[in-house]
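Residues in the sequence shown are numbered from 419 upward in steps of one, following the numbering used here.
The C-beta atom is built at its ideal place from N, Cα and C for all residues, glycine as well.
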Amino acid sequence: MHLFAPGTRIRRREVLHGELWMEHPVTVVSDDGDVLAVRLDPGSPFTFPDHPHGPHPWSSHSAWASSVVLQLHKTDAAYGVWKFFAADGTFLHWYINFEAPIVRHPDAFDTDDHGLDLIVHPDGSRTWKDVQDLHWQRAEGRIDLATVGRVLEAAAEVTGFLDAGTAWWAAWAEWSPDRGPDHPAPVLS
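Structure below.
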(Lines of atoms letter the chains of each structure in order from A; the text may use other names.)
(Lines give C-alpha, C1' and ligand atoms only; values in the text may rest on other atoms or scores of the structure.)
Protein backbone atom coordinates (compact mmCIF):
# COMPACT_ATOMS: atom_id res chain seq x y z
CA MET A 419 0.00 0.00 0.00
CA HIS A 420 1.23 3.45 -0.87
CA LEU A 421 1.32 5.87 2.10
CA PHE A 422 1.26 9.63 1.55
CA ALA A 423 3.66 11.89 3.45
CA PRO A 424 2.18 14.76 5.49
CA GLY A 425 2.24 18.04 3.57
CA THR A 426 2.10 16.33 0.17
CA ARG A 427 -0.38 17.69 -2.36
CA ILE A 428 -2.41 14.90 -3.96
CA ARG A 429 -5.60 14.74 -5.98
CA ARG A 430 -9.03 13.65 -4.77
CA ARG A 431 -10.72 12.12 -7.79
CA GLU A 432 -14.37 11.22 -8.26
CA VAL A 433 -14.63 8.29 -10.63
CA LEU A 434 -18.01 7.27 -12.01
CA HIS A 435 -18.37 3.98 -13.92
CA GLY A 436 -14.59 3.70 -14.25
CA GLU A 437 -14.09 7.18 -15.75
CA LEU A 438 -12.76 10.33 -14.10
CA TRP A 439 -15.62 12.78 -13.48
CA MET A 440 -14.06 15.39 -11.19
CA GLU A 441 -10.75 16.06 -9.45
CA HIS A 442 -9.18 18.66 -7.20
CA PRO A 443 -6.06 18.99 -5.02
CA VAL A 444 -5.96 18.32 -1.28
CA THR A 445 -3.06 18.37 1.20
CA VAL A 446 -2.18 15.28 3.23
CA VAL A 447 -2.38 15.86 6.98
CA SER A 448 -1.72 12.25 8.00
CA ASP A 449 -1.71 8.75 6.55
CA ASP A 450 -1.17 5.69 8.73
CA GLY A 451 -2.43 3.18 6.17
CA ASP A 452 -5.78 2.87 7.95
CA VAL A 453 -6.93 6.50 7.97
CA LEU A 454 -5.96 8.99 5.29
CA ALA A 455 -6.53 12.56 6.51
CA VAL A 456 -6.46 15.34 3.93
CA ARG A 457 -7.17 19.05 4.08
CA LEU A 458 -9.38 20.75 1.51
CA ASP A 459 -8.65 24.47 1.38
CA PRO A 460 -10.68 27.35 -0.06
CA GLY A 461 -9.83 27.96 -3.70
CA SER A 462 -8.91 24.34 -4.47
CA PRO A 463 -9.64 24.27 -8.24
CA PHE A 464 -12.06 21.72 -9.68
CA THR A 465 -11.41 19.98 -12.97
CA PHE A 466 -14.27 18.29 -14.81
CA PRO A 467 -13.26 16.07 -17.73
CA ASP A 468 -15.93 15.21 -20.29
CA HIS A 469 -17.81 12.16 -19.07
CA PRO A 470 -20.21 9.78 -20.85
CA HIS A 471 -22.70 10.27 -17.99
CA GLY A 472 -22.80 14.03 -18.58
CA PRO A 473 -21.68 16.95 -16.44
CA HIS A 474 -20.79 16.50 -12.78
CA PRO A 475 -23.38 18.08 -10.40
CA TRP A 476 -20.78 20.62 -9.26
CA SER A 477 -19.60 21.50 -12.78
CA SER A 478 -20.89 25.07 -12.42
CA HIS A 479 -18.25 25.64 -9.70
CA SER A 480 -14.63 26.33 -10.58
CA ALA A 481 -13.20 25.80 -7.08
CA TRP A 482 -14.01 24.92 -3.47
CA ALA A 483 -15.67 28.08 -2.15
CA SER A 484 -16.24 27.06 1.46
CA SER A 485 -13.78 27.18 4.35
CA VAL A 486 -11.22 24.55 5.40
CA VAL A 487 -12.45 20.96 5.60
CA LEU A 488 -10.55 18.05 7.15
CA GLN A 489 -11.50 14.87 5.28
CA LEU A 490 -10.92 11.50 6.93
CA HIS A 491 -10.99 8.34 4.81
CA LYS A 492 -10.83 5.01 6.63
CA THR A 493 -9.68 2.04 4.58
CA ASP A 494 -12.63 0.10 3.12
CA ALA A 495 -15.23 2.44 4.67
CA ALA A 496 -18.10 3.40 2.33
CA TYR A 497 -18.06 6.94 3.69
CA GLY A 498 -15.71 9.81 4.40
CA VAL A 499 -15.90 11.90 7.55
CA TRP A 500 -15.46 15.60 6.91
CA LYS A 501 -14.84 18.15 9.65
CA PHE A 502 -16.07 21.61 8.62
CA PHE A 503 -14.73 24.88 10.00
CA ALA A 504 -15.89 28.49 9.77
CA ALA A 505 -13.61 31.05 8.11
CA ASP A 506 -12.20 31.96 11.55
CA GLY A 507 -11.26 28.31 12.24
CA THR A 508 -14.20 27.57 14.56
CA PHE A 509 -15.51 24.01 14.33
CA LEU A 510 -18.91 23.92 12.63
CA HIS A 511 -19.89 20.25 12.35
CA TRP A 512 -18.95 16.75 11.25
CA TYR A 513 -20.26 15.77 7.84
CA ILE A 514 -20.51 12.10 6.90
CA ASN A 515 -20.25 11.86 3.12
CA PHE A 516 -21.42 8.45 1.92
CA GLU A 517 -19.10 7.55 -0.93
CA ALA A 518 -17.19 4.66 -2.46
CA PRO A 519 -14.23 3.37 -0.42
CA ILE A 520 -11.06 5.10 -1.56
CA VAL A 521 -8.67 3.55 -4.06
CA ARG A 522 -5.09 4.79 -3.73
CA HIS A 523 -2.75 5.78 -6.54
CA PRO A 524 0.81 7.18 -6.26
CA ASP A 525 -0.40 10.81 -6.42
CA ALA A 526 -4.16 10.58 -5.88
CA PHE A 527 -7.08 8.65 -4.48
CA ASP A 528 -10.38 7.76 -6.12
CA THR A 529 -13.88 7.69 -4.68
CA ASP A 530 -17.40 8.52 -5.85
CA ASP A 531 -20.04 10.47 -3.94
CA HIS A 532 -23.25 8.48 -3.46
CA GLY A 533 -25.38 11.45 -2.45
CA LEU A 534 -26.52 10.64 1.08
CA ASP A 535 -25.00 12.76 3.87
CA LEU A 536 -25.31 13.04 7.64
CA ILE A 537 -24.46 16.22 9.53
CA VAL A 538 -23.46 15.74 13.17
CA HIS A 539 -23.73 19.03 15.01
CA PRO A 540 -21.44 20.02 17.92
CA ASP A 541 -24.20 19.17 20.42
CA GLY A 542 -24.43 15.64 18.95
CA SER A 543 -27.74 16.16 17.18
CA ARG A 544 -27.96 14.81 13.65
CA THR A 545 -29.48 15.97 10.39
CA TRP A 546 -29.81 13.69 7.36
CA LYS A 547 -29.15 15.49 4.08
CA ASP A 548 -29.93 14.58 0.46
CA VAL A 549 -31.84 11.41 1.38
CA GLN A 550 -33.74 11.68 -1.92
CA ASP A 551 -30.43 11.58 -3.81
CA LEU A 552 -30.18 7.81 -3.37
CA HIS A 553 -33.33 7.40 -5.47
CA TRP A 554 -32.27 10.10 -7.93
CA GLN A 555 -28.80 8.62 -8.42
CA ARG A 556 -30.27 5.15 -9.02
CA ALA A 557 -32.87 6.53 -11.45
CA GLU A 558 -30.12 8.43 -13.30
CA GLY A 559 -27.93 5.32 -13.56
CA ARG A 560 -25.14 6.64 -11.34
CA ILE A 561 -25.55 3.82 -8.81
CA ASP A 562 -27.24 0.43 -8.83
CA LEU A 563 -29.43 -1.31 -6.27
CA ALA A 564 -26.45 -3.12 -4.72
CA THR A 565 -24.74 0.25 -4.13
CA VAL A 566 -27.90 1.59 -2.48
CA GLY A 567 -27.73 -1.41 -0.14
CA ARG A 568 -24.06 -0.70 0.68
CA VAL A 569 -24.87 2.95 1.39
CA LEU A 570 -27.66 1.95 3.77
CA GLU A 571 -25.33 -0.55 5.50
CA ALA A 572 -22.73 2.20 5.90
CA ALA A 573 -25.39 4.56 7.28
CA ALA A 574 -26.35 1.91 9.86
CA GLU A 575 -22.66 1.46 10.78
CA VAL A 576 -22.16 5.20 11.26
CA THR A 577 -25.30 5.64 13.35
CA GLY A 578 -24.24 2.62 15.42
CA PHE A 579 -20.88 4.28 16.15
CA LEU A 580 -22.63 7.52 17.09
CA ASP A 581 -25.25 5.82 19.27
CA ALA A 582 -22.55 3.85 21.12
CA GLY A 583 -20.19 6.82 21.46
CA THR A 584 -17.47 4.91 19.60
CA ALA A 585 -16.97 7.08 16.50
CA TRP A 586 -13.39 6.41 15.34
CA TRP A 587 -13.12 9.98 14.02
CA ALA A 588 -13.54 11.40 17.55
CA ALA A 589 -9.74 11.06 17.81
CA TRP A 590 -9.63 14.09 15.48
CA ALA A 591 -11.87 16.26 17.67
CA GLU A 592 -9.01 18.56 18.70
CA TRP A 593 -7.57 19.06 15.21
CA SER A 594 -8.07 22.55 13.82
CA PRO A 595 -6.84 24.36 10.70
CA ASP A 596 -4.77 26.87 12.68
CA ARG A 597 -2.34 24.05 13.46
CA GLY A 598 -1.45 23.96 9.77
CA PRO A 599 -1.64 21.23 7.17
CA ASP A 600 1.35 19.40 8.65
CA HIS A 601 -0.14 18.94 12.12
CA PRO A 602 0.48 15.33 13.10
CA ALA A 603 -2.27 12.80 13.51
CA PRO A 604 -3.74 12.27 16.95
CA VAL A 605 -2.28 9.48 19.01
CA LEU A 606 -4.78 6.62 18.97
CA SER A 607 -4.92 4.32 21.97
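N- and C-terminal bounds of the beta strand (DSSP E) containing residue i
| i | result |
| --- | --- |
| phenylalanine 503 | 497-503 |
| leucine 534 | 531-538 |
| tryptophan 554 | Counting along the chain, tryptophan 554 falls outside any beta strand (DSSP E), though it belongs to the alpha helix (DSSP H) covering 551-557. |
| isoleucine 428 | 427-434 |
| serine 448 | 437-449 |
Beta-carbon proximity check, residue i vs residue j, cutoff 9 Å
| i | j | result |
| --- | --- | --- |
| aspartate 562 | lysine 547 | no |
| leucine 454 | valine 446 | yes |
| phenylalanine 509 | serine 594 | yes |
| histidine 532 | alanine 496 | yes |
| leucine 570 | arginine 544 | no |
Terminal residues of the alpha helix (DSSP H) in which residue i lies
| i | result |
| --- | --- |
| threonine 577 | 563-582 |
Residues near residue i in its chain [Cβ-Cβ closer than 7 Å; skip 5 each side]
| i | result |
| --- | --- |
| histidine 435 | His471 |
Those residues which DSSP pairs with residue i across a bridge
| i | result |
| --- | --- |
| isoleucine 514 | Val499 and Leu536 |
| valine 487 | Leu458 and Phe502 |
Cut-off 6 Å between Cβ atoms - residues of its own chain near residue i, not counting five sequence neighbours on either side
| i | result |
| --- | --- |
| phenylalanine 466 | Met440, His474 and Ser477 |
| threonine 426 | Val446 |
Integer-rounded CB distance, given that residue j should sit under 8 Å from residue i
| i | j | result |
| --- | --- | --- |
| arginine 431 | aspartate 528 | 5 Å |
Neighbourhood of residue i by C-beta distance below 8 Å, restricted to the same chain and skipping five residues each side
| i | result |
| --- | --- |
| histidine 420 | Arg522, His523 and Pro524 |
| serine 462 | His442, Pro443, Val444, Ala481 and Trp482 |
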